[in-house]
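In our numbering, the protein residues as written are 72 to 417. All C-beta atoms, glycine included, are put in the ideal place defined by N, C-alpha and C.
Here it is in structure tokens:
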């Protein structure tokens, strides 16, 4: 980074904390680049930096050591003060929390744009009032902040597109000792869901899918964080350890690079679902308690599986009725048919 000012507008994006939201925010970066030859820097939680580095629109990503939900007033003041010399023209604050607007305020950035959120008048000076009917999609709410107040979004929208280099692929395959002959075909299973069990397809169903494809000569790789270890352990047990289990073993960047090698991705409504969509992978996304109406996977290769029961979407962490029908009644056979259809079109 440099403190030299030039004629190119410099925009600082305050990034969201969730992987899926971060992926969807790339649509904003694409819009900004289409409108003006601006320099886009992104201030992001440290763990999400590898994801941002795979977005070609971003000039510099600035990691911050702030935990999700941490107030950190004095820490935010120090970070903001350290950014003053960079002389940003505008900050766009994507999270809605009051505290997320502190850093650009302390950095003295002259134009600070964001949705009103937690009544952020003062710390933001370009406050937008969200019309949820006008902007029902998350990407629309992000992109609208890249336009002057009151401007209309023009369709078709761009979609996230992560860039994975050959060097990154080579490094990750060497680290996990993956031979070229082992790469095709590969089913990725992402069995976890950050929000809770009402978004998680039963791991035993994932194991059924894995066994069926392993018996057909596929490779099956499991992805997720350490929180998903119990689901991965069950799948490994029921497949006699035949899957490649990367759950809890990869950094986010490594997971992205490994997913880029996969033939089909099976996932719940999760951050990795959005990553797979941004890698343009054939994708089967299972929705239970949540709805694709707000944050769908943004890819023409994505297939959404939802039973659309009268009780869903409920957006609960656990099923209010205890039956989880929205997930349990999506059978493995239904998913196997989807996978067969994908392969038949290749």
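(message) Quick check: what's the CA-CA separation for residue 383 versus residue 149?
(response) Take the alpha-carbon of residue 383 and the one of residue 149: they are about 45 Å apart.
(message) For residue 308 and residue 318, I'd like the C-alpha separation in whole angstroms.
(response) 14 Å
(request) Please name the residue or residues paired with residue 184 in a DSSP beta bridge. (result) Paired residue(s): 163 and 197.
(message) Just to check my reading of the structure: residue 163 and residue 84 have Cβ atoms closer than 8 Å, yes? What is that Cβ distance to the nearest angstrom?
(response) 5 Å
(request) Can you give me the Cβ contacts of residue 137 inside the same chain, cut-off strictly under 7 Å, excluding the 5 residues immediately before and after it? (result) Residues 116, 143 and 146 of the same chain have their beta carbon placed closer than 7 Å to that of residue 137, with the five preceding and five following residues left out of the count.
(message) Using the three-state DSSP reduction, which class does residue 443 fall into: helix, strand or coil?
(response) Here the chain covers residues 72 to 417 and nothing more, so residue 443 does not appear.
(request) Check residue 54 in the structure and name its three-state DSSP category. (result) Residue numbering for the chain in the displayed model covers 72 to 417; residue 54 lies beyond these limits and cannot be assessed.
(request) With a 10 Å radius around its C-beta and 16 neighbouring C-beta atoms as the bar for buried, classify residue 227 as buried or exposed. (result) exposed
(request) Can you tell me which of the three DSSP states residue 78 falls into? (result) Residue 78 falls in the coil class under three-state DSSP.
(request) Quick one: residues in its chain with C-beta nearer than 7 Å to the C-beta of residue 322, no 5 flanking neighbours on either side, listed in chain order? (result) 121
(request) Within 10 angstroms of the Cβ of residue 72, are there 16 or more other Cβ atoms? Answer buried if so, exposed if not. (result) No answer about residue 72 holds up, because its pLDDT of 43 lies below 50 and its placement is not dependable.
(request) Could you check the C-alpha separation between residue 75 and residue 157 for me, to the nearest Å? (result) Here residue 75 scores only 48 on pLDDT, less than 50, and its place in the model is too uncertain to base an answer on.
(message) On the criterion of 16 or more Cβ atoms from any shown chain inside 10 Å, does residue 394 qualify as buried, or is it exposed?
(response) exposed
(request) Specify the secondary structure class of residue 397 as computed by DSSP and reduced to three states. (result) helix
(request) Let me know if residue 193 comes out buried or exposed under the rule of 16 or more other beta-carbons within 10 Å of its beta-carbon. (result) exposed
(request) List in chain order: all unbroken beta strand (DSSP E) runs of 3+ residues lying wholly within the stretch 199-240. (result) none
(request) Report back the beta-carbon spacing between residue 152 and residue 177 to the nearest angstrom; my notes put them in contact at under 8 Å. (result) 6 Å
(request) Return the first residue and the last residue of the alpha helix (DSSP H) that residue 98 is part of. (result) 90-106
(request) Enumerate in chain order the residues of its own chain whose CB-to-CB distance from residue 130 is below 7 Å, with the five nearest sequence positions on each side excluded. (result) 110, 111 and 112
(message) If you reduce the DSSP assignment to three classes, tell me which class residue 346 lands in.
(response) helix
(message) On the criterion of 16 or more Cβ atoms from any shown chain inside 10 Å, does residue 165 qualify as buried, or is it exposed?
(response) buried
(request) Using DSSP bridges, identify the partner residues of residue 118. (result) Residue 118 is not bridged to any residue.
(request) Could you check how far apart the C-beta atoms of residue 329 and residue 336 are, in whole angstroms? I think they sit under 8 Å. (result) The C-beta distance from residue 329 to residue 336 rounds to 11 Å, too long to meet the 8 Å contact threshold.
(message) Can you tell me whether residue 398 is buried or exposed? The criterion is at least 16 other CB atoms within 10 Å of its CB, across all chains shown.
(response) Per the 10 Å Cβ criterion, buried.
(request) With DSSP collapsed to three states, give me the class of residue 380. (result) Residue 380: coil per DSSP, three-state reduction.
(request) State buried or exposed for residue 210, treating a residue as buried only when at least 16 other CB atoms are found within 10 Å of its CB. (result) buried
(message) Does residue 293 come out as helix, strand or coil in the three-state DSSP assignment?
(response) strand
(message) To the nearest angstrom, how far is the alpha carbon of residue 272 from that of residue 224?
(response) 35 Å
(message) Quick check on the burial criterion: 16 or more other C-beta atoms within 10 angstroms. Buried or exposed for residue 345?
(response) buried
(message) In this structure, how does DSSP classify residue 374 when only helix, strand and coil are distinguished?
(response) strand
(request) Could you check which residue in 207, 101 and 404 has the C-alpha nearest to that of residue 278? (result) 404
(request) Kindly indicate the opening and closing residues of the beta strand (DSSP E) around residue 134. (result) For residue 134, the enclosing beta strand (DSSP E) covers residues 131-135.
(message) At 4 residues or longer, what runs of the alpha helix (DSSP H) sit wholly inside the stretch 278-341?
(response) Note on the stretch 278-341: whole alpha helix (DSSP H) runs with a minimum of 4 residues are 300-309 and 323-330, in chain order.
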